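Below: the structure, in structure tokens.
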Amino acid sequence: MPVLKQQDQDPDAIARPVCALRISMQEERWERPWHSHRKAQLLFPAGGVLSCESAEGLWLAPPQCAVWIPSAIEHRVQGLENAQGYCLLVEPEHARSLPQACCTLVMSPLLQELLKRCAQLPFLYDQDGAAGRLVAVTLDELAVAPREQIHLPMPRHAQLRRLAQQILEQPERRLSLGQWGEQIGLSERSLSRLIVAETGLSFGRWQRQLHILLGLKQLGRGDSVECVALTLGYDSASAFIRMFKKAVGQPPGRFFAERRQALENHAL
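Written out as structure tokens, the structure reads:
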């Protein structure tokens, strides 16, 4: 089974429409800096949470989900210690029926099994035989995979991007809209207008969505709800749980418990 490690060859050079690899990262917490691939890419973590950032936004892949990255999109990826999972790379001409923007996809049990089978193929599999048919079915299933709205739109406007990075680095800070505007030299009105124009969300909704994504990352590495709430500046764990449940539809504990149970039922 091909295993992708940091020192391995560039998968873009593999002369097949599709290739799948096992991901194995031993670092405590790893990051792949800004880069792009000629091929489109699917990243499926077998455990924990994986995040991907592009110019357009930040995407998370909790258990049972994967991040899809189209061809030539500049991005960076972060994961947790001892990350295990799969990477599927698709030639651009074979990805025309697949999403044309970064997104988080729900991985059905069938799609997970297909991905595992593809990762057992040699790099230069027989395109006209059973392996080629397996790859074709995998692409068909990937094309109809539902999207999970675990996404934070990121502004392109230089001042707003700088502000977004400040809030990502210090999510516990509780400033008013006017105070945040002062940080980057914008009036409250200008900041309010620009954030909606750039992200499609009000500042309050954008900040809550950021807290959901950061909370999922921390919970995915095993932090307690109490620890997450404190890190994000909430007065109590119950306050964070209420916000999370209102946005996601279920409390964080149940969110992860259901996905982990499903993942155990379809273990590697």
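In terms of full-length UniProt numbering, the numbers along the sequence shown are unbroken and rise by one, the last being 268. Backbone N, C-alpha and C define an ideal beta-carbon position, used for all residues, glycine too. No experiment lies behind these values; they were computed from the predicted model shown.
The segment 194–210 and the segment 163–182 touch, with three or more beta-carbon pairs separated by less than 8 Å.
Collapsing the DSSP output to three states places H75 in a strand. Per DSSP, the continuous beta strand (DSSP E) segment holding P153 begins and ends at 151–153. Just measuring C-alpha positions, the residue of G249, V135, T231, A13 sitting nearest E169 is T231.
Contact between the segment 209–220 and the segment 49–62 is present: three or more C-beta pairs spanning the two stretches fall below 8 Å.
For a cut-off of 8 Å, the C-beta gap from K217 to V49 is around 5 Å, short enough to register as a contact. Here the alpha carbon of M107 sits roughly 43 Å from the alpha carbon of G185. For E182, DSSP records no beta bridge to any residue. Sequence-distant Cβ neighbours of I73 in its own chain, meaning closer than 7 Å and more than five residues away, are S36, S54, C102. Under a 10 Å Cβ-count criterion, C118 is classified as buried, with 16 or more other Cβ atoms of the shown protein chains found around its own Cβ. DSSP places C118 outside any beta strand (DSSP E); the residue lies instead in the alpha helix (DSSP H), whose first and last residues are 109–119.
Excluding its 5 nearest sequence neighbours in each direction, L121 has C-beta neighbours in its own chain below 6 Å: A131, listed in chain order. Shortest Cα-Cα distance from P171 to any of Y234, L160, T104 involves Y234. Taking a contact to require three or more Cβ pairs closer than 8 Å, the segment 85–105 and the segment 39–48 qualify as touching. Short of 6 Å from the beta carbon of I241, and not among the five residues preceding or following it, lie these beta carbons of its own chain, in chain order: P251.
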